[in-house]
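With the first letter of the sequence shown counted as 1, position 80 gets the number 125 in the working numbering; the numbers rise by one all the way through. Here a beta-carbon is modelled for each residue, glycine too, at the ideal position from N, C-alpha and C. Here the structure is a predicted model, which is why all the values come from computation and not from measurement. Please read the structure below before turning to the comments.
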Amino acid sequence: MVCIQNTCYEIVEDYREGFNEEAFKARYAEILSKYDYIVGDWGYEQLRLRGFFDDSQKNVPYDSKISTLREYIYEYCNFGCKYFVLKKIKN
């Protein structure tokens, strides 16, 4: 579990040991706290973070739901890149 700015997350997937807590905390922006999931992927030694909503959320774009994660990784991430998925822990 990792906590940042009064929000805690659990690691639900850590592909190729992509999670680095120090790098995550350095790249984290407050805007990401509105999402239910945060996906981090590595490309050219840079960490990119993107938020996703739970599938049960209404009135959010389809491609912002966590069920589209595989498509996102396939389309927007470098082939075989390290990545991780964090899920927000509800208080």
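With distances taken between CA atoms, Asp86 lies nearest to Lys127 out of Glu75, Lys127 and Asp99. Asp108 is a Cβ neighbour of Tyr117, given a cutoff of 9 Å.
Counting only residues of its own chain and dropping the five nearest sequence neighbours on each side, Asp59 has a CB closer than 6 Å to the CB of Phe129. Straight-line spacing of the CA atoms in Gln91 and Glu55 works out to 22 Å. Per the DSSP secondary-structure output, Cys126 pairs with nothing in a beta bridge. In the structure shown, Tyr89 adopts coil according to DSSP, grouped into three states. Rounded to whole angstroms, the separation of the alpha carbons of Gly96 and Asn123 is 18 Å. DSSP, reduced to helix, strand and coil, places Asp81 outside both helices and strands of the structure shown, so it counts as coil. By the criterion of a C-beta distance shorter than 7 Å, Glu66 is surrounded in its chain by Val47, once the five residues flanking it on both sides are discounted.
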